[in-house]
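Counting from 1, one number per residue, gives the positions in the sequence shown under our numbering.
Yeah, the Cβ is synthetic: ideal placement off N, Cα and C, and Gly gets one too.
Below is one structure, written out as structure tokens; the observations come after it.
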Amino acid sequence: MNNDFYIGIDPGLSGALAVLDASGTLVSVSDTPVISVVQKGKKSKSGGAMHKKHYMVGSMVQLLRLAQDQGNVQMIGLEQVSARPEQGVTSMFSMGRGVGTWEGIIGALGLTLDYITPQVWKKVFGLSGSDKADSILKAQQIIKGAVSYLTLVKHDGRAEACLIGEYTRRKCLGLLPAKVVTPRPKKIKTSSTQDLNRLDEILKTAESEDTNSLDSFI
Numbered sequence: 001m002n003n004d005f006y007i008g009i010d011p012g013l014s015g016a017l018a019v020l021d022a023s024g025t026l027v028s029v030s031d032t033p034v035i036s037v038v039q040k041g042k043k044s045k046s047g048g049a050m051h052k053k054h055y056m057v058g059s060m061v062q063l064l065r066l067a068q069d070q071g072n073v074q075m076i077g078l079e080q081v082s083a084r085p086e087q088g089v090t091s092m093f094s095m096g097r098g099v100g101t102w103e104g105i106i107g108a109l110g111l112t113l114d115y116i117t118p119q120v121w122k123k124v125f126g127l128s129g130s131d132k133a134d135s136i137l138k139a140q141q142i143i144k145g146a147v148s149y150l151t152l153v154k155h156d157g158r159a160e161a162c163l164i165g166e167y168t169r170r171k172c173l174g175l176l177p178a179k180v181v182t183p184r185p186k187k188i189k190t191s192s193t194q195d196l197n198r199l200d201e202i203l204k205t206a207e208s209e210d211t212n213s214l215d216s217f218i
């Protein structure tokens, strides 16, 4: 039985991680683990409390470890985004932090990483621009088992993670159109024991921050 897995990651705070098997069937999809924290002394335009989302690093690590436990992770496709005119500085900083956090986790676990730009994977699936509804519809159409996980408009992050995972699967199995030129995947080198020990330290700190120490970020 082929137990190879291909993973797609939308690194935004509203993103997700999707795991597909070799046949293109969705194994699982999980929203990016985040926690919403009240910003002290700040009010929204409506007068209510303002909240800020933060990545839960320990939970992010656990998502990838679970995939490793269940199958052979052949490749992880991580969306590599660039600044757009309509995006603010805070938004881009947050996205960059998400990409960097996933990079660190993937590297520490010794997994193979491929950077994929939105322009490349969207072209393969006939998508253009940033219409999230189109991504949801496309994922429902082409990925087996995805429909029940993509039932709301806010599930666009799940849909894009699924499509990035499907692009990654097709690329690894040589199923992309010949005219699609993609860079060679990169494997982040680790020094095994040393880095995994460091990861355990990061995990302990991150898990503590996830639950008890987020006031320091506000």
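Taken through DSSP and simplified to helix, strand or coil, residue 153 comes out as helix. By the 16-neighbour rule on beta-carbons within 10 angstroms, residue 135 is buried.
Straight across, the Cα-Cα distance linking residue 117 with residue 78 is about 8 Å. Counting every other CB atom within 10 Å of its CB across the protein chains shown gives residue 41 a total below 16, marking it as exposed.
C-alpha of residue 111 to C-alpha of residue 75: approximately 7 Å in a straight line. Rounded to whole angstroms, residue 39 and residue 53 show a C-alpha spacing of 10 Å. Listed in chain order, the non-local C-beta contacts of residue 153 below 8 Å within the same chain comprise 132, 133 and 136, local neighbours out to five positions each way being set aside. The C-alpha of residue 168 lies about 24 Å from the C-alpha of residue 94.
For the pair of segments examined, the region 93-108 was found not to touch the region 20-28: the number of CB pairs separated by less than 8 Å stays below three.
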